[in-house]
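One structure below.
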Amino acid sequence: MGGQRQFAPLWVIIQRRQWLSDQEQRNAAMPHIDPESRLILEQGKRLVLVCPHCQALAHISATAVPRFQELQSYRPAQIGIVFRCDACLAPIFLRFTARAYAPTRVELAPQFTEVERARERFDGTYLPEEVEMLFKEALTCFSGGAYNAFASMCRRTAQALFSDLGEAGKLKLFDALNEVRELAALAPEAFAKIRSVLFGIASDPRPGIPLLQSHEAGVLLEVMKDLLYQTYVRKGRLEQAMRVRRFFYEEARNPPRVTTLPNAG
Ligand SMILES: [Zn+2]
Numbered sequence: 139m140g141g142q143r144q145f146a147p148l149w150v151i152i153q154r155r156q157w158l159s160d161q162e163q164r165n166a167a168m169p170h171i172d173p174e175s176r177l178i179l180e181q182g183k184r185l186v187l188v189c190p191h192c193q194a195l196a197h198i199s200a201t202a203v204p205r206f207q208e209l210q211s212y213r214p215a216q217i218g219i220v221f222r223c224d225a226c227l228a229p230i231f232l233r234f235t236a237r238a239y240a241p242t243r244v245e246l247a248p249q250f251t252e253v254e255r256a257r258e259r260f261d262g263t264y265l266p267e268e269v270e271m272l273f274k275e276a277l278t279c280f281s282g283g284a285y286n287a288f289a290s291m292c293r294r295t296a297q298a299l300f301s302d303l304g305e306a307g308k309l310k311l312f313d314a315l316n317e318v319r320e321l322a323a324l325a326p327e328a329f330a331k332i333r334s335v336l337f338g339i340a341s342d343p344r345p346g347i348p349l350l351q352s353h354e355a356g357v358l359l360e361v362m363k364d365l366l367y368q369t370y371v372r373k374g375r376l377e378q379a380m381r382v383r384r385f386f387y388e389e390a391r392n393p394p395r396v397t398t399l400p401n402a403g
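Heads up, the numbering used here is the position in the sequence shown plus 138, with the first residue counted as 1.
Written as structure tokens, this is what we have:
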């Protein structure tokens, strides 16, 4: 899945991430549950998220809302609602904090927790072993919503990259990062944070990796995937394709000999 997503242009993906952060803010309308046990969102608004099952950015529809009467009698602090992904129909469980129990409505906090988040994947086939291992852990942190742990693992991944590529490779990566800034029209603050996460200052005795918000972590994720893709995956795929071409070329030049068996009759 992650491998296929590489084919979408980077700036489209990054803009989608930025759009998601706007969407998160738009989700900030006051949702509530009415006496008919229906989830009501602000004026026909619908929730959108990246489905943990099909990985599509999809609308979701509430399919199982707790009963209003039951909520009023127990007044739980957290309320779970099951939604259906409109793209793949799989169930998605979201948890809301109850803000107020009024006689005719149960008000929910605008933000929700995704109990199952979409797992981020990246095909590590062409990466050096250490880079692959560290980036895999970075993805686990991201999928678990631990964005600052994710940033720390990105720094470690970058350090492994630098030691694999040497000083010249490090400079190339720096250029590649600048290219990403132009391609994806990254905001200056976002770019400064990402540069500081990845490159830091070697002489800094206490390398202060900046704190990241969820959407900034999303942008960092796309930048990391792009840098790894440019550095290893693209080269690896090209080399493999060339090997296959060479194989067929050699085959055509020296066709395998066909041995004729003596006729048994
Ligand atoms: Zn889905």
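Glycine included, each C-beta is placed from N, C-alpha and C at the ideal position.
Predicted model, so just to flag it, every value in this text is computed and none were measured.
Exposure label - residue i; buried when at least 16 CB within 10 Å
i	result
Val396	exposed
Val269	buried
Met380	exposed
Phe312	exposed
Thr295	buried
Leu299	buried
Tyr285	buried
Own chain partners of residue i with C-beta closer than 7 Å, once the 5 adjacent residues on each side are dropped
i	result
Glu354	Ala328, Lys331
Arg176	Val203
Gly141	Confidence in Gly141 is poor, its pLDDT being 39 and thus under 50, which makes the residue's placement unreliable; the coordinate value appears in the next sentence. So the list reads Asp261, once near-sequence residues are dropped.
Gly283	Arg255
Arg333	Leu315
Gln297	none
Rounded separation between residue i and residue j - CA only
i	j	result
Tyr387	Gly374	20 Å
Ile219	Ala287	29 Å
Ala236	Thr278	29 Å
Ile178	Asp172	7 Å
Pro248	Phe234	8 Å
Arg319	Met168	36 Å
Pro400	Arg391	27 Å
Tyr239	Phe206	10 Å
Glu258	Arg184	24 Å
Arg383	Pro394	17 Å
Asn316	Phe385	38 Å
Gln378	Tyr367	15 Å
Glu389	Gly304	38 Å
Pro214	His197	27 Å
Val186	Ile230	12 Å
Pro325	Val188	Checking the sequence shown, residue 325 turns out to be Ala, not Pro. Cα to Cα, Ala325 sits roughly 23 Å from Val188.
Gly307	Ala322	22 Å
Lys274	Phe280	10 Å
Gln210	Gln181	24 Å
Lys310	Ser352	28 Å
Pro241	Ile217	17 Å
Pro266	Phe337	19 Å
Asp302	Tyr212	58 Å
Close-in-space but distant-in-sequence residues of the same chain around residue i (CB under 6 Å, 5 per side omitted)
i	result
Tyr264	Tyr370, Val371, Gly374
Ala289	Val335, Ile347, Leu350
Glu245	His170, Arg237, Ala238
Phe250	Leu232, Phe234
Met362	Cys292
Ala166	Any reading at Ala166 is ruled out, since the residue's pLDDT is 45, under 50, leaving its predicted position unreliable.
8 Å contact criterion, which residue i and residue j should meet: CB distance rounded
i	j	result
Pro190	Ala256	4 Å
Leu232	Glu252	6 Å
Ala314	Leu365	6 Å
Sequence-distant residues of its chain with Cβ nearer than 8 Å to residue i (five each side left out)
i	result
Ser199	Arg184, Phe221, Arg222, Asp224
Glu174	Phe206
Cys226	Cys189, His191, Cys192, Ala194, Ala196
Thr201	Val220, Phe221, Arg222, Pro229
Thr398	none
One or two residues paired with residue i in a DSSP bridge
i	result
Ser199	Arg222
Gln378	Paired residues: none, contrary to the question.
Leu350	DSSP, once it has assigned bridges, lists no residue as partnering Leu350.
Gln216	Thr235
Phe250	Phe234
Near ligand 2: residue i beta-carbon under 7 Å from a heavy atom
i	result
Ala276	You won't find ligand 2 in this model; what it holds is ligand 1.
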